[in-house]
Amino acid sequence: MDLYSLTITQAHELLRQRKISSLELTQALLERIREVDGQIGAYLTVTEAVALEQARQADERLRRGERVTPLTGIPFGVKDSIVTEGIRTTCGSRILEHYVPPYQATAVRRLLDAGAVLLGKHNLDEFSMGSSTENSAFFPTRNPWDLKRVPGGSSGGSAAAVAAGECFFALGGDTGGSIRLPAAFCNVVGLKPTYGRVSRYGLIALASSFDTIGPLTRTVEDAALVLQVIAGQDAHDATSLAQPVPDYAAQLQRPVKGLRLGLPREYFVPGMEAGVEAALQEAIRQFERLGMEIREVSLPHTPYALAVYYLILFAEASANLARFDGVRFGSAAQQAQTIPELYLETRGKGFGAEVKRRIMLGAYTLSAGYYDAYYLKAQRVRTLLRQDFERAFEVCDVLLTPVSPGVAFRLGEKTADPLAMYLSDVYLVATNPAGVPALALPCGFSEGLPVGMQLIARHGEEALLFQVGHAYQQVTEWHKMRPALGR
Amino acid sequence: MEQKYEAVIGLEIHAELQTRSKMFCACPADYAHAESPNTHICPICTGQPGTLPVVNRAALEQGIQVALALHCTIPPLNIFARKNYYYPDLPKGYQISQYEMPLAVNGWVEVPVGKEGTLQRIRIRRVHLEEDTAKLFHQGDRSLIDFNRAGVPLLEIVSEPDMHSVDAVLAYAMHIRNVLRYLGVNSGDMQKGVLRFEANISVRPAGSQELRTRTEIKNLNSFRALTRATAYEIRRQIAIYESGGQVLQETLGWDEEHEVTLSQRSKEHAHDYRYFPEPDLPPLQIEAAWVEALRAALPELPEARRQRFIEAYGLPVAEARILTAEKSLADYFEAVLPQTQASPREVSSWMIGEFLRHLNERQIEVEAVPFPPQALAELLNLVAQRTITMATAKEVLREMFESGAMPQAIVEARGLAQIADEATLMPLIERVLQENPQVVESYLNGKESVFQWLMGQVARATRGKADPQLTRQLLQSRLDALRRSRL
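If you read the sequences in order, they're chains A and B.
Here my numbering is used: position 104 in the first sequence is 104, and no number is missing along the way.
Adding 1000 to a residue's 1-based position in the second sequence gives its number in my numbering.
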């Protein structure tokens, strides 16, 4: 087996037994990036020198047996919407093309403290706005399973990199499916944690009340290892949760027999591709065989989820992106003579079409006379969405839904139709306004392309998601499939 | 003309709080003492992407104490909001402020208005917390930004439109400044911009209750600007109504040099701030027990201190009011008291007379007095012990203000000690009588009013050092002797 296709658990075992070094592992991955990233386009920045230095330090830790964690010496990548101190962070936008952050995101700092090795920064839709990574201001990322297809988005670079063997795990950001959709399209595992479980400090905000940072990995077990390190309260994030972080690995092996699996009827409706539906039905039978009880449940406000999600997102994003005004960020406006000119030049040239569309919609929905009808109404329905989940969890432990109605689509297929693009996330967006955790994991293939399923649990119940997902991966092989790239 | 109309004025006061750190980050808030521009800054207060605010508890406590001192209600839930507008001094493109659920509501103060000091109640609509902006410096065609002030806590105190004269506006503004200083939350140093005013003004026919179109004058940074601008604006609006015109709702600026208000924005161009709740800060629960603890910790406030001065020291109401109008003056007074033999009334009349006259003449604050309260106590002791005369004391005080020297030292160095022995005074009195035979003659003929003139001659001969009591006694007995010799 090639070093680059190991899981974290496997790589850690080899490192711990000193059969390989972190330096070898890191060099193998840098080599893999050189080999395949020309086709994939997962990386915006490769931090080779930083990675090699961190690998040497990790080897030193491993040699001395000091402060060794499951992530010590393991190379990873970070979505470029998460800041890295001293390392260019673009958020996929021209306006931040040359931005070098003066501080470290909390999640990244925790990984580096644990001894993980930073390989570089992953491509994404500009300011995480998109579902295909085609909105990157630099270049699109391609799906390792079919280079004519998108990897999903907005954390498309991260999912593609994990799938293509260009890193062992990645940190992504999920505001309304941005980790889970690309995870499903690329046949990897993606976790959107409970809102506040992982500090947002250092995540360039899209919609502050939805944004989460989570791992993309090759197995559920790996996702648990990464969350263990990045989760926990942070003094820099007032919305981070105070609850202690449980020992996820300790709960991984628990049997799932007797747990109740809820199928929300609003999520199993016509419109799903046949191959996707077949894969899901098979997964449900698999859970039944594992001894879980299958229950049909209802999330009655689901039809409003997309509207609620986008209305609040537009509003919050319009304010979050106001700071990119040409004073400190963006260099387009050297000739501006007046302040309005400075803003118009910087923002007119610095932002892509989708970003401008969302800022305008957001400013509109917040403006006098429209606030009550749009923003306030959306916030009220948000409460109903949250209550939907609370009620459903009175009769089941975990919900199972599709990730997307279809498999990865072709590049360019939906770029002309924003609404069609928004609909790719129709099964994913409700969890973010509700704040609940959700796990996407591989459950089959349709015409050679990966299909994913989504497991949803109560607030703070990531351990349960890991338990159910891990049980599934013990009896299935989908997550072990690798794209035939570069062969 | 003005009697035909009544002004209706509301005031917004922005007060910087003297906390150690800024409102939402750990940077020092004391920007006035920064060694150079952009040194009290961090990723948070410069609006770096990905950063998050964290509320400064001390600012909250100071804000609550001010609100309690203004008899406000503190609601149990407190929500921060984003106020969206673009300006180069606003790093995030929005200001974190409060809108729908402010820190405090429904307060009042009673202030003495005009020469008579009639007490008038002015209601406080709301008190809320927000962050200050950066400072802009314009140099030729360039503008520079100093972010040291960005994020400094600001308390905004909004009155109801309960003021009807410039006198009331001044009394209210001075009262608020005094309360802030009593609480030690604001230096009151207007020149440093720690207090800034905005006045909302309309005028209506006297006796009417209608609320007419109002204008708003922004950025008034001194009592002088506040009163002059308010007076000007009242006259301007009256003149408009007198000539049959209509006042336009607009935002005005105050042109200090030409002493006129100038239009900045009309109603049509008024900002729509698109307020919405700040998603980065969860709603703050204000525990009643905490509020009560802060109430219990309130220092003595101006009204209470005034009352105590009247009752404990037997001061007339007018004097107590003057002494307590400035915390520093009242503190000085109470620091002098225990160190002097002079009575509280005597100390009070010295401070309100000579002491304040010097402050006014020299245009300085109590803090800038070059000698300690102990020095003033010593001076009053010298008078009480009849070491120096009242006249000498005034001269010594002048020198104390000039050099900061202690009174005893001045008296000794300049030989100003009172002449209180008969052996020295008697020959001087004899000489005065011999030199002014006609005056003596008229006294003996019954014109006793010339006695004072003779006293003055003795004082002059001793350059004010003659003990008036002894002089009076000796002069009287000498003249009585002369009268007897005539009989």
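The beta carbon of each residue, even a glycine, is placed where N, CA and C say it ideally should be.
Just so you know, these numbers come straight off a predicted model, no measurement behind them.
In terms of alpha-carbon separation, which member of B:Met1351, B:Gln1452, B:Phe1401, B:Val1158 lies closest to B:Leu1380? B:Met1351
A:Pro101 at chain B interface by Cβ criterion, 8 Å: yes
With a threshold of 8 Å between beta carbons, is A:Gly156 in contact with chain B? no
Mind pulling the chain A residues with CB within less than 9 Å of B:Lys1092? Ala319, Asn320, Ala322, Arg323
Nonlocal neighbours in the same chain, by C-beta distance under 6 Å from B:Ala1058, ignoring five residues either side: Thr1019
Taking Cβ positions, are B:Glu1399 and B:Ala1391 nearer each other than 8 Å? no
With a threshold of 16 other CB atoms inside 10 Å of the CB of A:Arg110, please say whether the residue is buried or exposed. buried
Backbone CA spacing between A:Arg487 and A:Pro144 [nearest angstrom]: Its pLDDT being 46, under 50, A:Arg487 is placed unreliably by the model, and the measurement read from it follows with that caveat. The alpha-carbon atoms of A:Arg487 and A:Pro144 are separated by roughly 12 Å.
Is B:Pro1302 helix, strand or coil by DSSP? helix
Touching or not, the stretch 1050-1057 of chain B and the stretch 196-205 of chain A, by the rule of three or more beta carbon pairs under 8 Å? yes
In chain A, what lies closer than 8 Å to B:Gly1253 by C-beta? Under the 8 Å cutoff, chain A gives no residues; its nearest Cβ is about 17 Å from B:Gly1253.
In this structure, does DSSP put A:Arg487 in helix, strand or coil? In this predicted model, A:Arg487 has a pLDDT of only 46, less than 50, meaning its place in the structure is not dependable; the value taken from the coordinates is given anyway. Here A:Arg487 sits in coil by DSSP.
Measuring alpha carbon to alpha carbon, tell me which of B:Thr1387, B:Arg1486, B:Leu1103, B:Lys1394 ends up nearest B:Ala1466. B:Thr1387
Could you tell me whether the stretch 291-300 of chain A touches the stretch 242-262 of chain A, using the rule of 3 or more Cβ pairs below 8 Å? yes
Could you check whether B:Ala1384 and B:Ala1342 sit closer than 8 Å to each other, using their CB atoms as the reference points? yes
Roughly how many angstroms lie between the CA atoms of B:Arg1472 and B:Leu1329, to the nearest whole one? 36 Å
Using C-beta distances below 6 Å, list every residue in its chain close to A:Arg386, excluding the 5 sequence neighbours before and after it, in chain order. Ala434
Counting only beta-carbon separations shorter than 8 Å, does A:Arg487 have a partner in chain B? Because the pLDDT of A:Arg487 is 46, which lies under 50, any placement of that residue in the model is unreliable, and the number read from its coordinates should be weighed accordingly. Answer no: the Cβ-Cβ gap between A:Arg487 and chain B never drops below 8 Å.
Could you say which of A:Gly38, A:Gly177, A:Leu96 lies nearest to A:Leu428 if we only look at CA atoms? A:Gly177
Tell me the rounded alpha-carbon separation between B:Ala1420 and B:Val1432. 17 Å
Roughly how many angstroms lie between the CA atoms of A:Ala496 and A:Leu191, to the nearest whole one? The question about residue 496 of chain A has no answer here: the residues shown for chain A are numbered 1 through 487.
B:Asn1084 CB to nearest chain A CB: under 8 Å? yes
DSSP three-state label for B:Tyr1094, please. strand
Taking the alpha helix (DSSP H) that A:Lys377 belongs to, which residues open and close that run? 377-395
DSSP three-state assignment for B:Asn1445, whether helix, strand or coil: coil
Whole runs of the beta strand (DSSP E) within the stretch 291-318 of chain A, excluding any shorter than 3 residues: 293-297
Is B:Arg1196 near B:Gly1188, with beta carbons less than 8 Å apart? no
Identify the continuous alpha helix (DSSP H) that holds B:Lys1327 and give its terminal residues. 1327-1336
Just to make sure I have the definition right: I need the residues of chain B whose C-beta is within less than 7 Å of the C-beta of A:Asp237. Which are they? Leu1052
Closer than 8 Å, CB to CB, is A:Tyr195 near chain B or not? no
Assign B:Leu1252 to buried or exposed, taking buried as 16 or more other Cβ atoms, counted over all protein chains shown, within 10 Å of its Cβ. buried
When you compare only the Cα positions, how much space is there between A:Leu411 and A:Ile456? 29 Å
Amino acids of chain B, ordered along the chain, whose beta-carbon sits closer than 8 Å to that of A:Glu390: Here the premise fails: no neighbours, minimum Cβ distance about 19 Å.
Pick from B:Ile1217, B:Pro1279, B:Glu1257, B:Glu1287 that is closest to B:Ser959, judged by C-alpha positions: The question about residue 959 of chain B has no answer, for chain B in this structure spans 1001 to 1487.
In angstroms with no decimal places, state the Cα-to-Cα distance between A:Leu342 and A:Ala336. 5 Å
Neighbour-count burial assignment, A:Gln54, 16 or more Cβ in a 10 Å radius: buried
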